[in-house]
Amino acid sequence: MSQKKIIVSNRLPVTANRDEESGALEFKPSAGGLATGLSSIFKEKGNLWIGWPGIPDFKEDEKPGVIKSLRGENMAPVFLNKKEVLLYYEGFSNRTLWPLFHYFTEFTQYTPEDWDMYVAVNQKFCDAILEYAGPDDIIWVHDYQLLLLPSMLREKLPNATIGFFQHIPFPSYEIFRLLPWRSEILEGMLGADLLGFHTYDDTRHFMSSVSRIAGYPNSMGTIKMANRIISVDAFPMGIDYDKFEKAARSKETYEKVDKYKSLFANQQVVLSIDRLDYTKGIKRRLYAFDKFLEMYPEYIGKVVLVLLVVPSRDKVDQYQQLKEEIDTLVGKIDGKYSTIDWTPIQYFYRSFSFDGLSALYSKADVALITPLRDGMNLVCKEYVASKVTQKGVLILSEMAGAAKELSEAILINPNDEAEIVEALKQALEMPEIEQRNRLLEMQEKLKRYSVHRWVEVFVEELLNVKDRQAKMNIK
Ligand code: F6P
Numbered sequence: 021m022s023q024k025k026i027i028v029s030n031r032l033p034v035t036a037n038r039d040e041e042s043g044a045l046e047f048k049p050s051a052g053g054l055a056t057g058l059s060s061i062f063k064e065k066g067n068l069w070i071g072w073p074g075i076p077d078f079k080e081d082e083k084p085g086v087i088k089s090l091r092g093e094n095m096a097p098v099f100l101n102k103k104e105v106l107l108y109y110e111g112f113s114n115r116t117l118w119p120l121f122h123y124f125t126e127f128t129q130y131t132p133e134d135w136d137m138y139v140a141v142n143q144k145f146c147d148a149i150l151e152y153a154g155p156d157d158i159i160w161v162h163d164y165q166l167l168l169l170p171s172m173l174r175e176k177l178p179n180a181t182i183g184f185f186q187h188i189p190f191p192s193y194e195i196f197r198l199l200p201w202r203s204e205i206l207e208g209m210l211g212a213d214l215l216g217f218h219t220y221d222d223t224r225h226f227m228s229s230v231s232r233i234a235g236y237p238n239s240m241g242t243i244k245m246a247n248r249i250i251s252v253d254a255f256p257m258g259i260d261y262d263k264f265e266k267a268a269r270s271k272e273t274y275e276k277v278d279k280y281k282s283l284f285a286n287q288q289v290v291l292s293i294d295r296l297d298y299t300k301g302i303k304r305r306l307y308a309f310d311k312f313l314e315m316y317p318e319y320i321g322k323v324v325l326v327l328l329v330v331p332s333r334d335k336v337d338q339y340q341q342l343k344e345e346i347d348t349l350v351g352k353i354d355g356k357y358s359t360i361d362w363t364p365i366q367y368f369y370r371s372f373s374f375d376g377l378s379a380l381y382s383k384a385d386v387a388l389i390t391p392l393r394d395g396m397n398l399v400c401k402e403y404v405a406s407k408v409t410q411k412g413v414l415i416l417s418e419m420a421g422a423a424k425e426l427s428e429a430i431l432i433n434p435n436d437e438a439e440i441v442e443a444l445k446q447a448l449e450m451p452e453i454e455q456r457n458r459l460l461e462m463q464e465k466l467k468r469y470s471v472h473r474w475v476e477v478f479v480e481e482l483l484n485v486k487d488r489q490a491k492m493n494i495k
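Once you know that position 115 of the sequence shown is 135 in my numbering, the rest is easy, because the numbers rise by one and skip nothing.
Structure below.
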């Protein structure tokens with residue numbers, strides 16, 4: 021009997037867009053690393069990716085057509101209405117779990133209506149999966165929007181092989197226990213056979229909550245339940261290394277970089293790229309850049325910060341407020357230091373094409389990546405992979421999961437402004453031989469553990485756990 025593999029995540033690897041004038045629907049593939057990494061699985065015949073197509077307003081009569089065309093590409097949609105998006109996605113996922121798991125307790129809202137909808141939408145995902153899944157299939161659930169799903173699936177498909185991977189941090193017990201629904205969340209996750217996190221620290225935090233809140237004994241990455249064992253481990257997610265390396269060597273990138281060279285003549289470029297999010301530390305980064313120019317005025321006219329902020333979750337109040345604060349701060353800094361022929365910060369609030377990103381990565385002398393808390397952070401890995409000439413310096417926050425692997429970056433505490441200022445100076449003055457040595461070491465690691473390898477390792481381990489369970493004669 022062949023086992024199907026089903027991937028489940030909040031979003032499908034394509035997003036629907038509706039043309040405002042004609043009302044016509046269009047589906048755009050996601051450029052994210054997860055979609056690329058998992059394509060080796062879901063594009064295989066018989067396999068499937070289940071998720072939300074990204075907009076709430078599908079009309080009843082257009083749903084059958086959407087289902088049919090997505091099925092042709094091995095995808096199945098879970099349609100969410102406006103209220104579900106408001107309470108489950110913007111609400112419990114992004115006003116409760118997101119801030120809490122990133123240690124922003126002051127932003128965390130505990131709203132019973134949001135929780136109820138989170139349960140209901142997780143159940144809706146479960147029902148959608150049950151339409152396709154057989155009793156022995158392999159189901160891989162992704163991320164914090166679907167923490168209850170593993171147990172809901174286990175109840176209906178006791179023999180299924182269920183994996184869960186969390187793409188954001190798992191907080192320490194002292195933070196996690198603040199959540200009124202902490203037991204339900206843990207029990208939901210424990211329906212999986214294998215639970216994966218980006219870092220060893222995340223797994224440790226999770227295990228601590230499992231023993232102190234749920235009361236299940238655990239040791240050496242194994243949790244003992246009444247009738248099953250569950251494995252928990254760290255799987256640091258990689259990138260599609262070859263794609264970034266190849267793009268950096270392409271004619272299109274060279275042409276764009278040449279253009280940038282004349283635009284930024286005699287200036288060093290510091291690059292900052294993030295989704296708009298308070299976890300990314302964009303404001304503190306701007307304060308530090310201001311301080312840098314104040315302390316080292318010899319850099320005025322000689323360095324430019326290219327600040328790329330990608331719009332995100334713009335219906336959530338904290339994101340709207342952050343956007344305004346960044347606008348004001350950029351205006352202040354540009355107003356303070358600009359000269360007739362030089363502006364210290366070039367600010368873009370939009371998405372960039374893949375080619376555009378590749379050229380920026382290639383051109384940038386320094387990447388300044390300073391999240392206050394980040395599950396992994398793939399931008400820093402993409403920057404390193406794009407440095408085919410081995411010229412460039414990565415400044416990276418210790419609070420990003422990626423810092424555990426990229427120890428050759430200049431690691432900083434994002435709350436320490438003076439440290440960021442000195443790191444900038446060090447990066448801008450680093451001898452080329454040192455840049456090269458650091459980049460080569462990091463590139464070696466990222467090449468070896470690409471997103472494709474990450475997928476293979478997770479699935480291998482998931483099957484191993486099932487084998488171990490079978491040998492112990494437990495399910
Ligand atoms: O990093 C967590 C994550 O949910 C990713 O899975 C996703 O790509 C990103 O944040 C953006 O989030 P959203 O789906 O809310 O736009």
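In this text, a Cβ means the ideal position worked out from N, Cα and C, and glycines have one as well. Treat the numbers as computed from the prediction; the structure is a model and nothing was measured.
Item: Please report the residue range of the beta strand (DSSP E) in which residue 254 lies.; Value: 249-254
Item: Quick check on DSSP: helix, strand or coil for residue 265?; Value: helix
Item: How would you call residue 370, buried or exposed, if buried means at least 16 neighbouring beta carbons within 10 angstroms?; Value: exposed
Item: Beta strand (DSSP E) containing residue 30: first to last residue?; Value: 25-31
Item: Spatial neighbours of residue 244 within its chain, please: CB distance less than 6 angstroms, with the 5 preceding and 5 following residues excluded, ordered by chain position.; Value: 237
Item: For residue 63 and residue 70, I'd like the C-alpha separation in whole angstroms.; Value: 12 angstroms
Item: Taking the alpha helix (DSSP H) that residue 121 belongs to, which residues open and close that run?; Value: 118-121
Item: For the pair the stretch 305-323 and the stretch 242-260, tell me if three or more CB-CB distances fall below 8 angstroms.; Value: no
Item: For residue 31, verify whether its CB is less than 6 angstroms away from any heavy atom of the ligand F6P.; Value: yes
Item: Take residue 61 and list the residues in its own chain whose beta-carbon comes closer than 7 angstroms to its own, dropping the five residues that flank it on each side.; Value: 25, 27, 67 and 475
Item: Just to confirm before moving on: does the CB-CB distance between residue 213 and residue 181 stay below 7 angstroms?; Value: yes
Item: Using 7 angstroms as the threshold, is the C-beta distance between residue 218 and residue 395 below it?; Value: yes
Item: Is it the case that the CB of residue 389 approaches a heavy atom of the ligand F6P more closely than 6 angstroms?; Value: no
Item: Can you name the start and end residues of the alpha helix (DSSP H) that residue 37 belongs to?; Value: Taken as a continuous stretch (DSSP letters only), residue 37 belongs to no alpha helix (DSSP H), being part of the beta strand (DSSP E) at 34-38.
Item: Can you grab the Cα-Cα spacing for the pair residue 311 / residue 47, in whole Å?; Value: 44 angstroms
Item: Between residue 408 and residue 174, what straight-line distance do the alpha-carbon atoms span, to the nearest angstrom?; Value: 46 angstroms
Item: Enumerated in chain order, which unbroken segments of the beta strand (DSSP E) with a length of 3 residues or greater are wholly contained in the stretch 351-382?; Value: 365-369
Item: At a cut of 8 angstroms, does the stretch 280-293 reach the stretch 240-256 through at least three beta carbon pairs?; Value: no
Item: Which residues in the same chain as residue 149 place their Cβ atom closer than 7 angstroms to its Cβ, once the five residues preceding and following it in sequence are excluded?; Value: 26, 28, 70, 159 and 173
Item: Should residue 187 be listed as close to the ligand F6P, given that the test is whether its C-beta is under 6 angstroms from any heavy atom?; Value: yes
Item: Could you check which residue in 32, 439 and 215 has the C-alpha nearest to that of residue 50?; Value: 32
Item: Looking at the secondary structure, which residues open and close the alpha helix (DSSP H) in which residue 140 lies?; Value: 132-150
Item: Out of 215, 235, 450 and 316, which has the shortest C-alpha to C-alpha gap to residue 482?; Value: 215
Item: Taking 6 angstroms as the limit between beta carbons, can you name the residues of its chain near residue 456, skipping five residues before and five after?; Value: 410
Item: Is residue 468 buried or exposed, if buried means 16 or more other CB atoms sit within 10 Å of its CB?; Value: exposed
Item: Please name the residue in 121, 45, 279 and 421 whose C-alpha comes closest to that of residue 205.; Value: 121
Item: Compare the Cα-Cα distances from residue 300 to each of 163, 451, 400 and 282 and report the closest residue.; Value: 400
Item: What three-state label does DSSP hand residue 410 in the structure shown?; Value: coil
Item: Nearest by alpha-carbon distance to residue 211: which of 102, 169, 96 and 478 is it?; Value: 169
Item: Under 8 angstroms by Cβ, that's how I've got residue 402 and residue 264 pegged, so tell me the actual separation to the nearest angstrom.; Value: 5 angstroms
Item: Give the secondary structure of residue 205 by DSSP, where H, G and I count as helix, E and B as strand, and everything else as coil.; Value: helix
Item: Report yes or no: do the stretch 412-424 and the stretch 381-398 share at least 3 C-beta pairs separated by less than 8 angstroms?; Value: yes
Item: Does the beta carbon of residue 163 fall short of 6 angstroms from some heavy atom of the ligand F6P?; Value: yes
Item: With respect to the alpha helix (DSSP H) encompassing residue 185, which residues constitute its N-terminal and C-terminal limits?; Value: Careful: residue 185 lies outside any alpha helix (DSSP H), inside the beta strand (DSSP E) at 181-185.
Item: How many Å lie between residue 43 and residue 453 at the Cα?; Value: 55 angstroms
Item: Below 8 angstroms, can you find three or more Cβ-Cβ pairs linking the stretch 112-131 to the stretch 85-104?; Value: no
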